[in-house]
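S.K.: First, the structure itself, so that you have it in front of you.
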Ligand SMILES: [Zn+2]
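Written as C-alpha cells, this is what we have:
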C-alpha cells in the first residue's frame, strides 16, 4: 500500500502548493489601495504647485473684477456729472477728483491683473505636470479596482475548485500519513520536501544515504531537520 501512498500524498502536496500560490496572489490584490495611497501622497507632496495655480487664477479673477467695478463707479460718476443735476463748481471738482481716483484704481487693478497673467504660463505648466500625473494615477486606480475585483472573483472560483480536488486527492492517502503531513504543513507552510540531489529540497539539509534508500522504496521518511515528508520525483521517461 505504501508504494502508491507517497505518490498520492505528493498529489495532495502539489494541490496545497497551488492553493498557497493562490493565497499569495490574493494578498497582492488590494483593490487599488496602493495606487490610491500613491495618488494621495503625490497630491499632498505637490500641493504647493497646485495651490500656486489656484491662487494665481483667483488673483487674476479678483484683479479683473476690481478693475471692472472701479470703471463702472467712475462711469457712474461721469454720467452723474453730465446729467445736468450738478452745477456747483466745487461739487463738480469733488466728483472729478473722485472719478479720477476710481480710474486710477481701475488702472492699478488692471495692471496687477496683467502682471499676474504674465506669471500664468509657467505656474500653469508646473501645475499641469502634477495634474497629469494625478490623472494618470486616478485612471490606474480605477482600472485596478475593476481588474482586482475580477481577478479576485476568478481566484475565488479557482481556489474553490482546487479545494475540491484536494478533498478527493487526500481521500487516497491514509489518515495517519495525512495527519503527519498536515501537522508539518501547519508548522512549516509546506508538508513535503522533494529530494534534490541528496538533500531536502525544502530546507537544504543533506539526507543520509540510508534514508534516501527508504524514500526510494516509497516508504515514509521525514527530513531530519525540517521534518517534511520526503519524496523523490522520478522523472517520467
Ligand atoms: Zn528539510
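Residue numbers (our numbering): 37 to 273. Glycine is no exception: its CB is placed at the ideal position from the N, C-alpha and C atoms. Small disclaimer: the values here were computed from a predicted structure and weren't measured.
(1) In the structure shown, what three-state DSSP assignment does residue 229 receive?
(2) Does the beta-carbon distance from residue 237 to residue 248 come in below 8 Å?
(3) Would you call the CB atoms of residue 64 and residue 206 closer than 8 Å?
(4) Quick one: what does DSSP say residue 50 is sitting in, helix, strand or coil?
(5) With DSSP collapsed to three states, give me the class of residue 77.
(6) Count the CB pairs spanning the region 192–203 and the region 74–90 that are closer than 8 Å, and state whether there are at least three.
(7) Would you call the region 64–81 in contact with the region 141–150, where contact means no fewer than 3 C-beta pairs closer than 8 Å?
(8) Can you list the residues near ligand 1, meaning Cβ strictly closer than 6 Å to any non-hydrogen atom, in the order they appear in the chain?
(9) Hey, quick one: how far does the beta strand (DSSP E) through residue 265 stretch, first residue to last?
(10) So, under 8 Å CB-CB, residue 268 and residue 256 are touching, yes? Tell me the CB distance rounded to an integer number of Å.
(11) Could you spell out where the alpha helix (DSSP H) holding residue 150 opens and where it closes?
(12) DSSP puts residue 90 in a beta bridge; with which residues?
(13) Are the Cβ atoms of residue 145 and residue 103 separated by less than 8 Å?
(14) Roughly how many angstroms lie between the CA atoms of residue 182 and residue 165, to the nearest whole one?
(15) DSSP beta-bridge partners for residue 258?
(16) Smallest Cα separation from residue 174: which of 50, 45, 67 and 59?
(17) Counting along the chain, where does the alpha helix (DSSP H) carrying residue 214 start and finish?
(18) Can you list, in chain order, the residues of its chain with a C-beta nearer than 8 Å to that of residue 202? Leave out the 5 residues immediately preceding and following it.
(19) Buried or exposed, going by whether 16 or more other CB atoms sit within 10 Å of the CB of residue 227?
(20) With distance defined between alpha-carbon atoms, name the residue in 264, 239 and 208 nearest to residue 276.
(21) Taking only three categories from DSSP, how would you classify residue 83?
M.R.: So, from the data block:
(1) In the chain shown, counting from the first residue as 1, residue 229 sits at position 193. For residue 229, the three-state secondary structure derived from DSSP is strand.
(2) Here residue 237 refers to the residue found at position 201 when the chain shown is read from its first residue. Here residue 248 refers to the residue found at position 212 when the chain shown is read from its first residue. No.
(3) Walking along the chain shown from the start, residue 64 turns up at place 28. Walking along the chain shown from the start, residue 206 turns up at place 170. No, the Cβ-Cβ distance between residue 64 and residue 206 is not below 8 Å.
(4) As a position in the chain shown, residue 50 is number 14, starting the count at 1. In the three-state reduction of the DSSP assignment, residue 50 falls in the helix class.
(5) What you label residue 77 is simply residue 41 of the chain shown in a count that begins at 1. Residue 77: helix per DSSP, three-state reduction.
(6) no
(7) In short, these stretches do not touch, since the Cβ pair count stays below three.
(8) 229, 236, 238, 239, 241, 259, 261, 262 and 264
(9) Stepping through the chain shown from its first residue, residue 265 is reached at position 229. Boundaries of the beta strand (DSSP E) around residue 265: 265–267.
(10) As a first step, residue 268 must be located in the chain shown, where it is residue number 232. As a first step, residue 256 must be located in the chain shown, where it is residue number 220. Not a contact, Cβ separation roughly 13 Å.
(11) As a first step, residue 150 must be located in the chain shown, where it is residue number 114. Run containing residue 150: 125–206, per the alpha helix (DSSP H) assignment.
(12) Taking the chain shown and counting its residues from 1, the one referred to as residue 90 is at position 54. Its beta-bridge partners do not exist; DSSP assigns none.
(13) By 1-based counting over the chain shown, the position of residue 145 is 109. By 1-based counting over the chain shown, the position of residue 103 is 67. Their beta carbons are under 8 Å apart, which means residue 145 touches residue 103 by this criterion.
(14) Sequence index remark: in the chain shown, residue 182 carries index 146 (1-based). Sequence index remark: in the chain shown, residue 165 carries index 129 (1-based). C-alpha of residue 182 to C-alpha of residue 165: approximately 26 Å in a straight line.
(15) Walking along the chain shown from the start, residue 258 turns up at place 222. Answer is 265, bridged to residue 258.
(16) What you label residue 174 is simply residue 138 of the chain shown in a count that begins at 1. The shortest Cα separation from residue 174 among 50, 45, 67 and 59 belongs to 67.
(17) By 1-based counting over the chain shown, the position of residue 214 is 178. It spans 211–224 - the alpha helix (DSSP H) in which residue 214 sits, taken as one unbroken run.
(18) Along the chain shown, one-based indexing puts residue 202 at 166. Only 48, 51, 52 and 55 meet the Cβ criterion.
(19) Within the chain shown, residue 227 is the residue found at index 191, counting from 1. Result: buried.
(20) Because the chain is modelled from 37 through 273, residue 276 falls outside the range shown and cannot be assessed.
(21) Working through the chain shown from its first residue, we reach residue 83 at position 47. In the structure shown, residue 83 sits in a helix (DSSP, three-state: H, G or I).
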